[in-house]
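Student: Just add 793 to wherever you are in the sequence shown, counting from 1, and you've got the working numbering. The beta carbon of each residue, even a glycine, is placed where N, CA and C say it ideally should be.
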Amino acid sequence: MQEETSYLSLIFSDEDSRPYIFAVLAVFLLTSAYQTSVFYYFKSEEIIGKYDVPTWDVSFESADLSEEETQIVADGTTASYFLDIDDSNIMENSYVGLLNVVVSYEETSGNFADPCDFVSVNLRPEGILAQWDNQSNVLSGSSDQCTDILLFVQIYPSFDGSNVTVESESIDEALAHWSNETYGRGELNLEVEVNTQQRVEGLPTQQDTDEAVTVSWRLTTFMPTATQIDEE
Ligand SMILES: [Ca+2]
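#1: Looking at I942: is its Cβ nearer than 8 Å to the Cβ of G954?
#2: With distances taken Cα to Cα, identify the nearest neighbour of M884 among I1022, Q1021, D1023 and P1017.
#3: Quick one: measure Cβ to Cβ for V1006 and T863, integer angstroms, because I've assumed they're closer than 8 Å.
#4: Quick check on the burial criterion: 16 or more other C-beta atoms within 10 angstroms. Buried or exposed for E962?
#5: What does a CB cutoff of less than 6 Å around W925 pick up in its chain, not counting 5 residues either side in sequence?
#6: In angstroms, rounded to a whole number, what distance separates the CA positions of G817 and S852?
#7: Based on DSSP bridge pairs, tell me the residues matched to W1010.
#8: Looking at D879 and ligand 3, is the gap between the Cβ and the nearest heavy atom below 7 Å?
#9: Measure the C-alpha to C-alpha separation of Q938 and E966 and round it to an integer number of angstroms.
#10: What three-state label does DSSP hand T848 in the structure shown?
#11: Less than 8 Å between C-beta atoms, sequence neighbours within five positions excluded: which residues of the same chain meet that for N956?
#12: Can we count D910 as close to ligand 1, meaning its CB is less than 7 Å from some heavy atom?
In structure tokens form, the structure reads like this:
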């Protein structure tokens, strides 16, 4: 250390070598300044590029709307069950995502060993704007075992409750795809047909003339929110 200091002071004190040293220093400083500016130029380009279109995490707060209706459906007839969906049952800033329906019944004739009736259901693909052609839909079904019949309709395009990532300039733009009120508003019509089955046909004591069928509608609505994802 002592040697180095004396060596440097020797150089600096040498009048002849001073200009040379300053020239080398100047070149060094200029070079590093250039490199720094180049680095920051491209780096800033990269930063601007990254934040040019922000990325958003869109999440959904779901709320289920349930309605239940029981009708006594006579043998050999079809009954209609209706579900009205409008501003009175959809919360503000909420949209209609999915519909699940459970149709249930049991043997209620009271007759000994009376087999379950044959119940078939059909949700008419009309009345509301929905993804009626979606492959996940189950619009009809039947049972003769007193088991539940499950139906499903995809109403809002690509909504399944999971978060999605979108790139857009603003929060409004990020939510634009998830803010369409026209989906799911209107009236649905589920047709339920009952055909009773009896243990012994024609016996007055074994008459089974109707069945109580319960339709449970469960409508999944959602409220979307978007949060900007800050990338490091
Ligand atoms: Ca029966």
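Tutor: Based on what the coordinates show:
#1: no
#2: P1017
#3: 7 Å
#4: exposed
#5: P918
#6: Before going further, note that residue 817 is Val rather than Gly in the sequence given. Near 59 Å, if we compare the C-alpha coordinates of S852 and V817.
#7: E860 and V894
#8: Absent from the structure shown: ligand 3. Ligands present: ligand 1.
#9: 50 Å
#10: strand
#11: D850, V851, S852 and F853
#12: yes
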